[in-house]
Amino acid sequence: MTVLILVIIGLSACGKSTSDTLQSQKWTFDSTKNQDGTNPTAQFSAKKLTLSEGSLNKVYSYTISQNSSKEVITFVDKNSITNRNEVRKFEIKKTNDEYKLTPINSLAKSDTGNVTLIPKK
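Its first residue numbered 1260, the sequence shown is counted upward by one per residue in the working numbering.
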């Protein structure tokens, strides 16, 4: 029993989780639906994503879950006009030092599109 617990602890400590990696630095949020040509800076905390562009900040809550063999990141934002939650779901994959987010649900597809999170230097 003790050996099994040590093995599980050892395996979980081997690599950083996606959430830990996202929180470890700032990212450029490069979206295919970004029409003005500027890319906001993304900063992740344990439960929040802050997108900053100039002096404007937009905050989303987020979760990362395992869905069959893929990781899914979900961003939730409350619409200030309708007061309803807006949910955007993406499959998230690490490619070298970047993360590729592929939209899953209709809002993510129409509003955000494909996203690349690029480490800020």
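All residues carry an ideal CB built from backbone N, CA and C; glycine is no exception.
These numbers were taken from a predicted model, which means no experiment stands behind them.
- DSSP, reduced to helix, strand and coil, places A1301 within a strand of the structure shown.
- The beta carbons of V1346 and S1290 sit about 17 Å from each other, so the pair does not count as a contact at 8 Å.
- The bridge partners DSSP lists for K1337 are N1344.
- Under DSSP, S1290 takes part in a beta bridge, and its partners are V1374.
- For S1324, the enclosing beta strand (DSSP E) has its first and last residue at 1315-1326.
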